[in-house]
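Let me begin by presenting the structure, written as structure tokens, before commenting on it.
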Amino acid sequence: MDPATPLSLRRARSVRPSRQARREAFWFHVLISPWIIGFLIFMLYPIVGSAYFSFTRYDVIHPPHWVGLANYAYLFTRDQLFWKSLRVTFTYVAVAVPLHLAVALALALLLNVRIIGMRALRTIYYLPTIMPQVATAMLWLFLFAPTYGVIDWALSAAFGIHGPDWLGSAHWVLPAFILMSLWGVGGPMVLFLAALQGVPNELYEAAQLDGASAWRQFRHVTVPMISPLILFNLIVGLIAASQIFATAFVMTQGGPDYASYFYNLALYNNAFVYFKMGLASAQAWILLAIVMMLTLLIFKFSARWVFYGSER
Amino acid sequence: MAGRKRRMRRILAAAVLLPGVLLILFPFYWMVASSVEHLAQIVRFPPELVPHPLDFASYPKGLTFLPFARYFLNTSEIAVLSTLGAVLSASVVGFAFARLHAPTKKFFFVLVLSTMMLPMAVLLIPQFVLFKTLGWVNTYLPLIVPAFFGGSAFLIFLFRQFFSSIPEEVFDAARIDGCGYPRLYWSIARPLAVPAFTAAAVFHFQFSWNDFLAPLIYINSNSKYTLALGIANFRSAYGATPWNQLMAVSLMMALVPITIFFFAQNYLLSGIVVSSR
Amino acid sequence: MKYRRILAGATAACLLLSGCAAGGANAGGGAGTKRITWLVRSDLGAGSAAWAKQTAAAFARSHPGTHVTIVSAPVAQYNEKFLTMYAAGTPPDVVGTYAMGFGTFYAKHMLADITPQLHALNIHLSKYFHKSVVDTMMRNGKIYGLPFSDPPMVVLYNRTLFQKAGLTYPPTSWTDRSWTIGQMLRDAKRLSHSGSTPAQSVYGLIMGPGQLGYTAWLWGADMFSPSGPTHARPYRTGLPDQPHVDSGQFLAAMTWLADLITKWHVSPTADEATALGVLGNPILSGRVGMEDTLITGLHVFSGAHPSFRWGIAPVPYGPGGDLSPTGVSGWAVAAKSPHPRTAAAFVAYLTVGPAAASYAKIGGYVPSNRVDLSIYLHRLAALPGNGQTYAQDAQVVGGGILASDGYIFPAKVFSGGPHWSSEFVNGTANVWNGKESPRKALTDLQHSLDVLLHQERAAGG
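Residue numbers (the working numbering), protein chains in the order written: chain A, 1 to 312; chain B, 1 to 277; chain C, 1 to 461.
Below, the structure written as structure tokens:
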């Protein structure tokens, strides 16, 4: 990237009259207006509604009844499962999100090499992402089955050992979910692949002329050039992982002994099974606050390692 | 020397990727195998690696149970229209976030992201009430129209990141020529972001194609069902699920996004043809 | 300019969409027609779906001026569909109690009292139902729905394995007191053997604690009553007040069940059993000797080709008797239904009218309505692999319905049933893989239930 870009930009801006800035701001609002309109019509009412419900006792059947901060107080001080589900979820997030990034990037680099049949290979590596989550969950139920499952069969055939009883063990159920989530790494992988195409070859050629090793090329050319997509996959991965639901809903229902009782599972149960929509709404807003805080932190620190063609 | 290096990389890639293929394809093989077995064969433990005898009856049976053709057209209508809307609108909005400056930009961007962070479960009921008020229940409108208004936060963010990585000089040149912002988007940014458009379209299409919860909540009539809804009904209570039919239909359903991805690759990997010199 | 083309495209798309919307709104119906909506489970197979369609049409034909719209959802999302429709002020008029259960619906005032409508229709319930079965949908003398299915618990066993082990088959009479849990365990030990590979080993018995541990009823214990469910207050009010999982009998029951796995090795661990059952009933593997199951579970044989013969037997006597629940499901009218009379007439049509008989013909579903029971029994006798006679089956099924004495699955009786169920399942999870002693697990469970019940009371129900 041209290091002079920010400078030239700053120069251009200071020369521009403020009328120009206002014109730009005007066009900004015009261009994002579809989203603003959509937000006002389709999102605002549900969002405000759920915020309101979070201060009420609301069983969906009867009108909501205002209880102030009681739901929040209950969650933080008395709910036996709130902290547990938070711990389970963010343990999962802390391991799965970085792991996804690393695996997706590694696969993208490998799939970016030109060999015969690469189109088919890429499609195969993307395949798991295409299957509906519920079908995938059923599939894994089979693979993880103790004694009869394919994983256990493979372990005993190859190493003569028996695996843990994955989904039946409070210790192994989270690792099982993390392992399984790698299955869906095709999405971020494809984005990395696309981003890699945007890295100009000249940069690598120049680096090679300087005698840079493969690792240095990766570290100083590839990573900076695709950093906007790394940031994207990191944040989207965080948001998605914090809301993990469908696989746990089908496979474990949160068990055994609540060891896979993910936050969204607890929330769903409160909302649609236990008739506690008010409590569920409070849970939703607490999750939003946590994830938002993490996201803003990531953005703050991203300035150091994310490079845009446009500088802001 | 460069040639040798390149060969090394190819060998390394093949050495890692090919065994991985087995790992990924095995479950798919198992699905295909199950779809041509009798129910009694599927239930057998340990599973037979090569099904014998082969029985293709699940395909006609499963496809007529749904009815497949009808649901296929329904799903296509929803997926195509909502993808069109999402990609068009999200790219415009994402462009604005990437390339234009305004004092309110940060605020709006945080708002966009926050819509992804609130779990769907608590929005479901107020959203349903809203669409009922609009008279949209049991139509495809709740599944399509919102896509035209900014699509999804996910796609807006995606476009923002792609548009951000285009070097500023590309736009500067056009600005000097007196290009307005709509022109900058359409004539400069859009052609440079073919991979982003492709990725967005592939992702959104697939999401819409597989979406289960929204159609379940908004669609009442059986004749308006989508494939995902139809397939859910194969799962039968009391352990009487016809797994072979379920697998057959699931595979047929997945064929569309698989084909799309296979051919979309060219555009996805066409690269941003930008000369930054 | 190209920019305009997008606008044109978008406008065209909007027009197209509004066209679709108009088409949807115009569908069906003259003025004055009483339209009711019927929320059915969609995951009961092709036969059930076809039956629902025919039934809706037939009802409209025989009741001019009415129209039944079917709305369906799989059981896992039945509540979501019901609650969203309810919250929007347009509940389905007729709902099934199979997903959430009668107890919660009643406690939340979601169901209409249809006593007067049934009176007006001049239906004599005693002609069709055992009193105990109707009672499951009555509160304070008012009827809130009618049962359509009443499957008892039975012991399903592999006759071929029994024969190989030289064992005599279990009896078919529920009053035969020689059929005890002791006898069952002796049989299970004889049936079990571990082969050289897991694929060859045979498990004698799969028997779980059941929803909220109802298997403890055989020991005269219950999760919320110190002396089993009979005449216990929570079973009358639908509101649990005190946990009793630390009682001696409850502990004895759970210990006996855990011993099957960890001490006698006649049962697979809980997750092995789940694995065996991922595709269907574990008994289909041919390597399970006996299993306690709801009789609807036998439906799996209709599509399978079992390589063995099977039979059904009563639930054995425990130290506290042989009470076990039935899985009663019924049709009810939603409290906010705008056409309660039409809806009640439809409920009657479904449970004692022509639709009840046609439902029994699909097979798999035991009709509550005893007039139609024989239809079901004929289907049962014809299932592949059934090694018993019609009369033997009838004795087990009929006896089971009587023996349950109107006690249905506790999670369907209690308000908040799924919550208690989740507590029980998670609290005892480590017992069934031998990682925790039953005593320790139940002591902890007693404590957490105590706290929860206290909080529920404090929150005012």
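All C-beta atoms in this analysis are idealised placements derived from N, C-alpha and C, irrespective of residue type, glycine included.
When Cβ atoms are compared, which residues of the stretch 64-94 of chain C fall closer than 7 Å to chain A? N79, E80, L83, Y86 and A87
Continuous alpha helix (DSSP H) stretch holding A/N201: start and end: N201 to L209
For C/R287, which three-state DSSP category applies? coil
So, is the C-beta of A/P175 closer than 8 Å to a C-beta in chain D? No chain D is present in this structure, whose protein chains are A, B and C.
Does the beta carbon of C/K108 come closer than 8 Å to any beta carbon on chain A? Answer yes: the Cβ-Cβ gap between C/K108 and chain A drops below 8 Å somewhere.
Which residues in chain A have a C-beta closer than 8 Å to the C-beta of B/G3? List them in chain order. Here the premise fails: no neighbours, minimum Cβ distance about 12 Å.
Members of the stretch 64-76 of chain B near chain C, C-beta cut-off 8 Å: F65
Chain A contacts from the stretch 423-443 of chain C (Cβ-Cβ distance under 7 Å): Within the stretch 423-443 of chain C, V425, N426, A429, N430 and N433 place their CB atoms closer than 7 Å to a CB of chain A, listed in sequence order.
Look at the alpha carbon of C/G47 and the alpha carbon of C/A304, and state the distance between them as a whole number of angstroms. 16 Å
Roughly how many whole angstroms lie between the Cα atoms of C/N79 and B/F108? When rounded, the distance between both Cα atoms is 35 Å.
Answer yes or no: does any C-beta atom of chain C fall closer than 8 Å to that of B/N220? yes
Assign B/V129 to one of three DSSP states: helix, strand, or coil. Helix.
Who are the near neighbours of C/A21 in its chain, counting only those whose CB is closer than 7 Å to its CB and skipping five residues on each side? Bear in mind that a pLDDT of 41 at C/A21, under 50, signals an unreliable position, so the model cannot answer this.
Between the stretch 165-176 of chain B and chain A, which residues of the former have CB atoms less than 9 Å from a CB of the latter, in chain order? If you check each beta-carbon in the stretch 165-176 of chain B against every beta-carbon of chain A, the ones closer than 9 Å belong to S165, I166, P167, E168, E169, V170, F171, D172 and R175.
Contact list for B/L130 against chain A, beta-carbon separation under 9 Å: I41, F42, Y45, P46 and G49
Select from the stretch 183-216 of chain B all residues with a C-beta closer than 8 Å to any C-beta belonging to chain A, and list them in chain order. Under the 8 Å Cβ criterion, the stretch 183-216 of chain B contributes Y185, P195, A196, T198, A199, V202, F203, Q206, N210 and F212.
Report the option in A/A282, A/T123 and A/L111 whose CA atom is closest to the CA atom of B/I11. A/L111
Here's the rule: buried if 16 or more other CB atoms are within 10 angstroms of the residue's CB, otherwise exposed. What is A/L297? Exposed is the call here.
State whether the stretch 167-175 of chain B contacts the stretch 227-236 of chain B, with contact taken as three or more CB pairs (one from each stretch) at a distance under 8 Å. no
Any beta-carbon of chain C closer than 8 Å to the one on A/P98? Taking 8 Å as the threshold, the shortest C-beta distance from A/P98 to chain C does not fall below it.
Between which two residues does the beta strand (DSSP E) containing C/I36 stretch? K34 to R41
Assuming contact is defined by CB atoms lying nearer than 8 Å, are C/S343 and C/V94 in contact in what I supplied? At residue 343 of chain C the sequence reads Ala, which differs from the Ser that was named. Yes, these two residues count as a Cβ contact at 8 Å.
Chain-ordered chain A contacts of B/T115 [CB-CB under 7 Å]: Neighbours of B/T115 on chain A, chain order: M43.
Inside the stretch 268-348 of chain C only - beta strand (DSSP E) runs reaching at least 3 residues: 288-294, 310-313 and 329-333
Chain B contacts made by the stretch 299-321 of chain C, where a contact means CB separation under 8 Å: Within the stretch 299-321 of chain C, the residues whose Cβ lies closer than 8 Å to some Cβ of chain B are H299, V300, S302, G303, A304, H305, P306 and S307, listed in chain order.
Consult DSSP for C/A22 and reduce its assignment to one of helix, strand or coil. Bear in mind that a pLDDT of 39 at C/A22, under 50, signals an unreliable position, so the number given afterwards is only what the model happens to contain. C/A22: helix per DSSP, three-state reduction.
Roughly how many whole angstroms lie between the Cα atoms of C/K108 and C/A334? 11 Å
Quick check on the DSSP output: the beta strand (DSSP E) that includes C/F148 runs from which residue to which? L146 to S149
Distance, Cα to Cα, C/D366 vs C/G297? Sequence check: residue 366 of chain C is Val here, not Asp. Their Cα atoms are separated by approximately 11 Å.
With respect to the beta strand (DSSP E) encompassing C/G204, which residues constitute its N-terminal and C-terminal limits? Y203 to I206
8 Å Cβ cut-off: residues of chain B touching A/S281: V122
Any chain C beta carbon closer than 8 Å to B/H38: It does: the Cβ of B/H38 has a partner Cβ on chain C nearer than 8 Å.
Within 8 Å of any Cβ in chain C, is that where the Cβ of A/G68 sits? no
If you draw a straight line from the alpha carbon of A/L194 to that of B/S270, how long is it in whole angstroms? Residue identity check: residue 194 of chain A is Ala in the sequence provided, not Leu. Their Cα atoms are separated by approximately 8 Å.
Can you tell me which of A/P128, A/M180 and A/N233 puts its alpha carbon nearest to the alpha carbon of A/G186? Answer by Cα proximity: A/P128.
How about A/L294: is its C-beta nearer than 8 Å to some C-beta of chain C? A/L294 has a beta carbon lying at 8 Å or more from every beta carbon in chain C.
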